[in-house]
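2 protein chains.
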Amino acid sequence: MDKRKRTRLRAAGWTVGTPREFLGLSDEEAAFVEFKLALSKTLQALRAAQELSQVDVAKRLHSSQSRVAKMEASDPSVSVDLLVRSLFKLGAQPGDIAKALRPRRRVAAT
Amino acid sequence: MDKRKRTRLRAAGWTVGTPREFLGLSDEEAAFVEFKLALSKTLQALRAAQELSQVDVAKRLHSSQSRVAKMEASDPSVSVDLLVRSLFKLGAQPGDIAKALRPRRRVAAT
DNA sequence: TGCATGTATGTCCAATCGGACAGATAGTAC
DNA sequence: GTACTATCTGTCCGATTGGACATACATGCA
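Here the protein sequences line up with chains A and B, keeping their order.
Position 89, counted from 1, in the first sequence is what this note's numbering calls 89; the numbers after and before it change by one each time, with no gaps.
Position 70, counted from 1, in the second sequence is what this note's numbering calls 180; the numbers after and before it change by one each time, with no gaps.
Structure follows, in structure tokens:
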């Protein structure tokens, strides 16, 4: 987005910026939600790799399908604890989790 | 500990083994407590590096000294969420956390 | 000795989390 | 069309968590 358009939008009362700016998140909060997101993605990937349904995973975790869906969606009602425990139960190794948390290479902003 | 002594102790009614065995933790549970422990240690290290008291840290986190003590002690009442949020608030980068989680090289058991 | 500082531990209660259920939506096969 | 499967979303209520407080313990210093 170029400066001109940005300015016009702001003048029209719009908030312009990144999702993080939009939501008014501080740096630490943003880092935390990204952290959770990385774990969610890892969980999804692990499930896909094992070709399981959410119901299957729920059984292994002694939980419910709806909670698994929320875990994968990084729902606010899901804690990092639950995500980490679940990853371990699905066979992830500590190293796998560490790997998943490494910050993605940043791509040039447009 | 040698085999002989181990056997004698068991005969005398003692449980012999790792803390994990002693507590009857499954692999995933053990992995999880180690995970938490790594975060606690990182928090302590971060505080030490900045030469802050627990009270100082508590202020930065908008929490209390007692909770900080429990975080560093990896108390059961402390969640991974709290630890991770705290680390970020103290300025840790995602990469730092990933690094802290990498499994330590195992040393020959005695 | 008393006093200050830093840390550890136990408890209380409000806030958050998590399993479970209901119901919605989407895709596929018959 | 119905039926089945997989996933998503909202809600409820018991369980866990977290800030706060009191208090104990340790160390250093005047």
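We put the beta carbon where it would ideally sit given N, CA and C, even for glycine.
Residue-chain proximity (residue i, chain A), Cβ-Cβ < 8 Å
i: Glu138/B; result: yes
i: Val143/B; result: no
Extent of the continuous alpha helix (DSSP H) run through residue i
i: Gln154/B; result: Asp137 to Ala159
i: Arg85/A; result: Val80 to Lys89
i: Ala202/B; result: That residue, Ala202/B, is in no alpha helix (DSSP H); it is neither H nor E in DSSP.
i: Ser77/A; result: Element bounds for Ser77/A: n/a, residue is neither H nor E.
i: Arg170/B; result: Gln164 to Leu171
Short CB-CB distance (under 8 Å) between residue i and chain B
i: Asp75/A; result: no
i: Ser79/A; result: yes
Cβ separation of residue i and residue j, assumed to be a contact under 8 Å, to the nearest whole Å
i: Glu138/B; j: Arg85/A; result: 7 Å
i: Phe35/A; j: Leu101/A; result: 7 Å
i: Val80/A; j: Asp206/B; result: Their Cβ separation, rounded to whole angstroms, is 16 Å, which puts Val80/A and Asp206/B out of contact at 8 Å.
i: Val178/B; j: Leu200/B; result: Incorrect: roughly 11 Å between the Cβ atoms, too far for contact.
i: Leu197/B; j: Leu156/B; result: 7 Å
Cβ pair count under 8 Å reaching 3, the region 149–162 of chain B against the region 44–64 of chain A: Of all C-beta pairs linking the region 149–162 of chain B to the region 44–64 of chain A, fewer than three are shorter than 8 Å, placing the two stretches out of contact.
Using Cβ-Cβ distances below 7 Å, what residues of the region 87–103 of chain A are close to chain B? Under the 7 Å Cβ criterion, the region 87–103 of chain A contributes Phe88, Lys89, Pro94, Gly95, Ile97, Ala98, Leu101, Arg102 and Pro103.
So does the region 184–201 of chain B actually touch the region 148–156 of chain B, counting three or more Cβ pairs closer than 8 Å? By the Cβ test, the region 184–201 of chain B is in contact with the region 148–156 of chain B, since at least three Cβ pairs between them sit closer than 8 Å.
Chain-ordered residues of the region 152–179 of chain B with a beta carbon less than 8 Å from chain A: For the region 152–179 of chain B, the set of positions with a beta-carbon nearer than 8 Å to some beta-carbon of chain A is empty.
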